[in-house]
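Have a look at the structure below before the remarks.
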Ligand SMILES: Cc1cc2nc3c(=O)[nH]c(=O)nc-3n(C[C@H](O)[C@H](O)[C@H](O)COP(=O)(O)OP(=O)(O)OC[C@H]3O[C@@H](n4cnc5c(N)ncnc54)[C@H](O)[C@@H]3O)c2cc1C
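Right under this line is the structure:
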């Protein structure tokens, strides 16, 4: 495995560079998708030192008037709390949970296996008629704003769905956002939002130990510059310093689609059709990531009954819809979703006793329109710092005195994220938009839809491939399975040819 950076792990790393003693996850932090992923589960990473820990509650939204909407570990407790906010919503939450109990596992398996998902799809298809048939299919295609309004009366559960949908870059009014919100909210209900004890880097450390225990070798500081191709087949890669590295069976490229097609593989080796289609590849929004070392926990004006590890700050679903539209229009939203991670409240090993390693990110446009300027600009360091100041003011609204607890702060704007990991182009966290037009058979572009590429023996293994961003291991595992299956087939064909010969 060849890794350009000095430390393996991609967007799954932790460090103590904000302040010694405070462990911060440099990029991703909460792993409900990993917890639900058959791929990650099948690796048995616990044998390699991984220990999952969870907060008292998975995810929560502070609401006006000091109330909270929180996903508690037990569905009945979540329902009771939501019912206190708005009578009737408790029963509606339990209805959503019971639907999820029947279709959730098949849905997750269908999403996390290669497209088309034959086995899970057939199981799911068999269940749908008894669960409402076309009416259910319609609901699952609804935009999250509409789904929330149809299923619930109060703002609490609507925000829980919408906030979870806003992790991806699908607009609140776009089809597919409802399913995304429901998926993450229900994973929060069934699996929680677990984190590795000690930091996200422990997940990578377990993967590395497992890989090395099986004979795998990792070279860091090894930037791949080119995929070597002979007669239409990938035969290895060349590093930036010119060193060639042969591949006997396959090359799995965990790089973005634009970095692979027309980058590591020149257009001259690829069909014109792919070049044309890659012209319409769409990146997801950029990201500003902020970390704070605090000398105490967040001083919430009103604390929730159970403290969630993940906290979403958003005043209303309408605000989230406006923020999405602002990002699409090239404006930095004033009141977009702030995703906060109370890491030490989740895993006390992350900070000295009583302290907090606070983690946050929010989405910004890839390029910002500037009045009187012909071309939009990237979000530079200054703007990223201003965005971080805005985030602090937002936290202060719910937790007066927050700023007084800040010992140190680190802001990673889009350019810095990309410098630390070439896949995070302009701060995009998903390897391309998660909007419906770039999902399933259209990911990364129509005509691909699976990890196979037009070059034999070369597979796209990153979040640019189906099913997209998030730490679930499915993109890599799909690519590896495809590579092994083709390799087996080739060997059999070769043997058959020899015996015929
Ligand atoms: C700030 C942030 C917060 C996030 N939060 C969450 C979260 O809480 N939960 C969640 O599930 N997901 C989260 N995500 C998304 C998730 O981390 C990514 O979707 C996921 O890591 C993508 O995996 P990947 O294998 O495609 O790429 P990456 O994890 O980005 O790994 C790609 C690797 O390839 C290396 N590389 C790239 N080009 C080359 C080259 N030419 N030669 C050699 N090496 C190369 C990179 O250095 C990197 O190590 C977050 C992402 C970010 C940035």
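In the working numbering, the protein residues as written are 858 to 1358.
In this text, a Cβ means the ideal position worked out from N, Cα and C, and glycines have one as well.
Because the structure is a prediction, the values reported are computed rather than measured.
Pull up the DSSP beta-bridge partners for residue i, would you.
i: residue 1108; result: 1315
i: residue 881; result: 872
i: residue 1053; result: 909
i: residue 1218; result: 1146, 1196
i: residue 1267; result: 1148
i: residue 1118; result: 1122
i: residue 927; result: 917
i: residue 1095; result: 1083, 1101
i: residue 1203; result: Bridge partners of residue 1203: none, in fact.
i: residue 1234; result: 1225
i: residue 1168; result: 917, 1197
i: residue 1076; result: 859
Apply the 10 Å Cβ neighbour rule to residue i and answer buried if 16 or more other Cβ atoms are within range, or exposed otherwise.
i: residue 1080; result: exposed
i: residue 1346; result: exposed
i: residue 1355; result: exposed
i: residue 1228; result: exposed
i: residue 1042; result: buried
i: residue 1161; result: buried
i: residue 975; result: exposed
i: residue 1230; result: exposed
i: residue 1100; result: exposed
i: residue 1226; result: exposed
i: residue 1124; result: exposed
i: residue 1204; result: buried
i: residue 1005; result: buried
i: residue 1220; result: buried
i: residue 935; result: buried
i: residue 1245; result: buried
i: residue 970; result: buried
i: residue 1251; result: buried
i: residue 1155; result: buried
Say the cut is 7 Å; is the CB of residue i nearer than that to a heavy atom of ligand 1?
i: residue 887; result: yes
i: residue 1144; result: yes
i: residue 1319; result: yes
i: residue 972; result: no
i: residue 1111; result: yes
i: residue 1218; result: yes
i: residue 1333; result: yes
i: residue 918; result: no
i: residue 862; result: yes
i: residue 1287; result: yes
i: residue 1068; result: no
i: residue 1138; result: no
i: residue 1282; result: no
i: residue 868; result: yes
i: residue 890; result: yes
i: residue 1021; result: no
i: residue 1048; result: no
i: residue 943; result: no
Please list, in chain order, all residues of the same chain as residue i whose beta carbon is under 7 Å from its beta carbon, the five residues on each side excluded.
i: residue 887; result: 1050, 1052, 1166, 1167, 1198
i: residue 987; result: none
i: residue 1115; result: 1135, 1138
i: residue 1176; result: 1192
i: residue 993; result: 985
i: residue 1201; result: 1207, 1208, 1212, 1213, 1214
i: residue 1034; result: 1000, 1001, 1022, 1027, 1028
i: residue 871; result: 880, 881, 882, 883, 1056, 1057, 1058
i: residue 924; result: 942
i: residue 959; result: 984, 988
If you drop the 5 nearest sequence neighbours on each side, which residues of the same chain put their C-beta closer than 6 Å to that of residue i?
i: residue 1109; result: 1316, 1318, 1336
i: residue 966; result: 977
i: residue 1314; result: 1090, 1091, 1107
i: residue 1265; result: 875, 876, 1150
i: residue 1340; result: 1107, 1316
i: residue 1234; result: 1225, 1227
Beta-carbon within less than 8 Å of residue i's beta-carbon, same chain only, minus the 5 sequence neighbours each way: which residues are those?
i: residue 1287; result: 1025, 1026, 1141, 1320, 1325, 1326, 1327
i: residue 1066; result: 905, 906
i: residue 889; result: 915, 1041, 1044, 1045, 1048, 1049, 1050, 1051
i: residue 1096; result: 859, 1079, 1080, 1081, 1082, 1102
* Asked: Hey, is the stretch 945-961 in contact with the stretch 991-1011, meaning 3+ C-beta pairs nearer than 8 Å?
  -> yes
* Asked: Touch check for the stretch 907-925 and the stretch 1039-1055: three-plus C-beta pairs under 8 Å?
  -> yes
* Asked: Would you call the stretch 1125-1142 and the stretch 1290-1301 touching, i.e. three or more CB-CB distances under 8 Å?
  -> yes
* Does the stretch 1139-1149 come within contact of the stretch 1269-1277, defined as at least 3 CB pairs closer than 8 Å? -> yes
* Contact between the stretch 1148-1159 and the stretch 1201-1218 (3+ Cβ pairs under 8 Å) -> yes
* Asked: Counting Cβ pairs closer than 8 Å, one from the stretch 1027-1038 and one from the stretch 1179-1193, do we hit at least three?
  -> yes
* Tell me, please, whether the stretch 1054-1073 touches the stretch 858-866 by the rule of three or more beta-carbon pairs shorter than 8 Å. => yes
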